[in-house]
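Student:
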Amino acid sequence: MNNGQSALEASIEKRRTFAIISHPDAGKTTLTEKLLLFGGAIRLAGSVKGRKTKKYATSDWMEIEKQRGISVTSSVMQFAYKEHLINILDTPGHQDFSEDTYRTLLAADSAVMLIDAAKGVEPQTIKLFEACRLQQIPVFTFINKLDRFGKEPLDLLEEIEQVLGMRSCPLNWPIGMGYDFRGIYDRRNNQIELFKGDDEREIIPAIGSWQENTEVREFLDNTQIKQLEEEIGLLDIAGDPFDQEKIDAGKLTPVFFGSAINNFGVQTFLDQFLQLAPPPQPHKSNQGYIDPAEQGFSGFIFKIQANMDPAHRDRIAFMRICSGQFQRGMIATHARQGKKIKLSQPQQFFAQSRDIIEEACAGDIVGIYDPGIFQIGDTVYEGKPLEYEELPQFSPEYFAKVFIKEAMKQKRFYKGLKQLAEEGAVQVYKSFLNGSEDIILGVVGELQFEVFQFRLLHEYGAEVILERLPHRLARWVRGEEIKTQELKSMNSLLAKDRFGQLVVLFKNETALNWVQSKNPTLNFVTTNREP
Ligand code: G4P
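If you're matching positions, the sequence shown starts at 0 in numbering that gives the first Met the number 0 and goes up one per residue.
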């Protein structure tokens, strides 16, 4: 092994690339801010996008974003902390929830699932968790807002198991909650972290037994000490034991409790997370799994963002680097087109600012200038040819028929439709067996319809009318003998996706279950990549 290779391996090993998944209001922005503060990346909390006061000033790359006061972008934040280099992938959560949110997870090696202790497992968390499960990435749980009265900790673990089908292993345990919140007991290090309000904490180290520590005895009353002893005893006997292999396989989630707003339990979480979460992992390609430390550079595009700069109408392709070292201006091969390209203007993102970077390595995310040559899932490599697996299309939740207003502008319309579908802004289906050849759009977040209409008009000069459909889920059909007529019940709609695969659009789960019961030999899968 030469020096360059071992230096590359060391750089990769210290990276942790993860996404935070949660339902709106669970405290993702707050937690992200605190994490960034530990890295010294920002001086003041409140600088991360999405805060109410900042919502109208975050970025101005697109009219619609300004009008709505939300961010359509999802940024990547990099910072150094202790010996690690951390990449946090922001998953858009509020009205701007879209397929991009799912795709961002494809670029992560692990996920942090943030749960509001009072609300438990909420709908958006479930959806994002399912996307993590498809990828089998490790999921770490942070249960937030312990300073408020919430559900019982044991009930929350039960809920994670019931709703998500995931076993859990709490690595720390809360002492009281709400007004009575006194801190957390760190099960791995057998130490107590006392919560003294407003950013104040004290760690009582594992010298002797914590029960005998005078400070603990002063701070906790006898009932709290007794309850903690009982609960820890219960967890030791009845809880799932710590198992790194199960964590790595996404079958067991380590659970942490804390209060992000008080910066309590956050650093303890971060320290343990960094120890337990995986460094950049191998990715599957047509040449088998590609090891990140393979000398050659390679990566795939997981997101394309148009018009970040309204003056230039440029597109930025977000690339996850899967192996090797990336250098500004390097020449690499665009696998699908079989062409050499220069990777210019590489950028890394910090909150909303963009910095030109010189180099990056496996595990990092870079934004590269896209003159319109990239599609979602494209591979770029240097040296030995390879192509990463195509990225899945996830089931949309909203559908609409699309019509062009002026027939004269058909050419522009089809061009825009094709490009926006390739960019992953919308999914395009053609209805099938319904007597007409309607074009149907599918989106994960409703706002994407508006974005689509706006962009088609402003970028391609084609005005369109959307007619909303009542359908709410798409399922790709798998099976030996598919009798299309039999799929047509409960108002389901048959269509083909842009790759020609058969898809059934259903109004709801009941309709899906009914059609499934009538076609027991068929499988209805939630992404186009599932077998
Ligand atoms: P999000 O990005 O997941 O949508 O959540 P965000 O961080 O914006 O937090 C949502 C609300 O929850 C905010 O209150 C935030 O202050 C609060 N919050 C976050 N972490 C904690 C916590 O540990 N304890 C408590 N009690 N609250 C927490 P808000 O009133 O909606 O906004 P703001 O006026 O505080 O910004």
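Note that the Cβ used here is the ideal one computed from N, Cα and C, for glycine as well.
All figures in this text were calculated on a predicted structure; none of them were measured in a lab.
Secondary structure at Q392, three-state DSSP: helix, strand or coil?
Tutor: It is coil, neither helix nor strand.
Student: Exposed or buried, what is S109 when buried is set at 16 or more other beta-carbons lying within 10 Å of its beta-carbon?
Tutor: Buried, because 16 or more other Cβ atoms sit within 10 Å of the Cβ of S109.
Student: Rounded to whole angstroms, how far is the Cβ of R319 from the Cβ of A494, which I believe are closer than 8 Å?
Tutor: Their Cβ separation, rounded to whole angstroms, is 30 Å, which puts R319 and A494 out of contact at 8 Å.
Student: Indicate whether E462 and K404 have their beta-carbon atoms separated by less than 7 Å.
Tutor: Going by C-beta atoms, E462 is nearer than 7 Å to K404.
Student: With hydrogens ignored, establish whether the beta-carbon of R147 is closer than 6 Å to any heavy atom of the ligand G4P.
Tutor: Correct: R147 has its Cβ closer than 6 Å to the ligand G4P.
Student: Which residues in the same chain have their Cβ closer than 6 Å to the Cβ of I183, if we skip the five residues on either side of it in sequence?
Tutor: Only N171, P173, E192, F256 and G264 meet the Cβ criterion.
Student: For F523, count the other beta carbons within 10 Å of its own beta carbon; 16 or more makes it buried, fewer makes it exposed. Which is it?
Tutor: Per the 10 Å Cβ criterion, buried.
Student: From this set, Y459, L219, Q135 and F373, which residue's C-alpha is nearest G298's C-alpha?
Tutor: Measuring from the Cα of G298, the nearest candidate turns out to be F373.
Student: Would you tell me roughly how many angstroms separate the C-alpha atoms of A116 and E151, rounded to the nearest one?
Tutor: Each residue's alpha carbon lies about 8 Å from the other.
Student: What is the DSSP secondary structure of F498, reduced to helix, strand or coil?
Tutor: Of the three classes helix, strand and coil, the one that applies to F498 here is coil, per DSSP.
Student: Please state if the CB of C168 and the CB of D247 are separated by a distance shorter than 7 Å.
Tutor: Not closer than 7 Å, so no.
Student: Looking at the strands, I want to know which residues DSSP matches up with K400.
Tutor: The partner list for K400 (beta bridge, DSSP) reads I439 and E466.
Student: Only counting the same chain, and skipping five residues up and downstream in sequence, which positions put a Cβ closer than 8 Å to that of Q243?
Tutor: Excluding residues within five positions, the ones whose Cβ falls inside 8 Å are L275.
Student: I87: beta carbon under 6 Å from a heavy atom of the ligand G4P?
Tutor: No, the beta carbon of I87 sits no closer than 6 Å to any heavy atom of the ligand G4P.
Student: From I300 to G328, what distance separates their C-alpha atoms?
Tutor: Between I300 and G328, the C-alpha separation is close to 17 Å.
Student: Look at the alpha carbon of F431 and the alpha carbon of V401, and state the distance between them as a whole number of angstroms.
Tutor: Spanning the two alpha carbons is a distance of roughly 15 Å.
Student: Measuring only from the beta carbon, is I260 closer than 6 Å to any heavy atom that is part of the ligand G4P?
Tutor: Yes, the Cβ of I260 comes within 6 Å of a heavy atom of the ligand G4P.
Student: Can you look up L446 in the DSSP assignment and give me helix, strand or coil?
Tutor: Correct three-state label for L446: helix.
Student: Helix, strand or coil: how does DSSP classify H282 here?
Tutor: Strand at H282.
Student: Can you check DSSP and say which residues form a bridge with E358?
Tutor: Looking at the DSSP assignment, E358 forms a beta bridge with Q326.
Student: For N143, which residues does DSSP report across the bridge?
Tutor: DSSP output for N143 lists D115 as bridge partner(s).
Student: Identify which residue in I236, F139 and K482 has its Cα closest to the Cα of P249.
Tutor: Checking the sequence shown, residue 249 turns out to be Gly, not Pro. Comparing Cα-Cα distances from G249 to each of I236, F139 and K482, the minimum goes to F139.
Student: Indicate, with yes or no, if the ligand G4P has a heavy atom lying under 6 Å from the CB of N527.
Tutor: No.
Student: Given this structure, state the Cα-to-Cα distance separating E82 from Y397, to the nearest angstrom.
Tutor: Cα-Cα distance, rounded: 44 Å.
Student: Who are the near neighbours of L385 in its chain, counting only those whose CB is closer than 8 Å to its CB and skipping five residues on each side?
Tutor: Taken in chain order, the residues that qualify are S284, N285, Q286, I289, S297, A334 and T378.
Student: Between the Cα of S10 and the Cα atoms of Q294, K245 and L440, which residue gives the shortest distance?
Tutor: Nearest of Q294, K245 and L440 to S10, Cα basis: Q294.
Student: For K341, write down the residues that DSSP places opposite it in a beta bridge.
Tutor: In the DSSP output, where bridge partners are listed per residue, K341 has I330.
Student: On the criterion of 16 or more Cβ atoms from any shown chain inside 10 Å, does Q426 qualify as buried, or is it exposed?
Tutor: So Q426 counts as buried.
Student: For a test of the three-state rule: what should DSSP assign to F505, helix, strand or coil?
Tutor: Three-state DSSP puts F505 in a strand.
Student: Could you check which residue in V254, K410, I125 and M112 has the C-alpha nearest to that of V162?
Tutor: Among V254, K410, I125 and M112, the Cα nearest to that of V162 belongs to I125.
Student: Rounded C-beta distance between Q447 and A424? I'm assuming under 8 Å.
Tutor: With a Cβ gap of about 6 Å, Q447 and A424 count as contacting.
Student: Rounded C-beta distance between R497 and A399? I'm assuming under 8 Å.
Tutor: With 8 Å as the limit, R497 and A399 do not qualify as a contact, their Cβ atoms being about 16 Å apart.
Student: Is it the case that the CB of T29 approaches a heavy atom of the ligand MN more closely than 6 Å?
Tutor: No copy of the ligand MN occurs in the structure displayed; its ligands are the ligand G4P alone.
Student: So, is T16 buried or exposed, given that buried needs 16 or more other C-beta atoms within 10 angstroms?
Tutor: Buried, by the Cβ-count rule.
Student: Excluding the 5 residues preceding and the 5 following K144 in the sequence, name in chain order all residues of the same chain whose CB lies nearer than 7 Å to its CB.
Tutor: Here the set comprises G26, D115, A116, A117 and S258.
Student: When DSSP labels each residue in this structure, what does A316 get in the three-state scheme?
Tutor: Strand.
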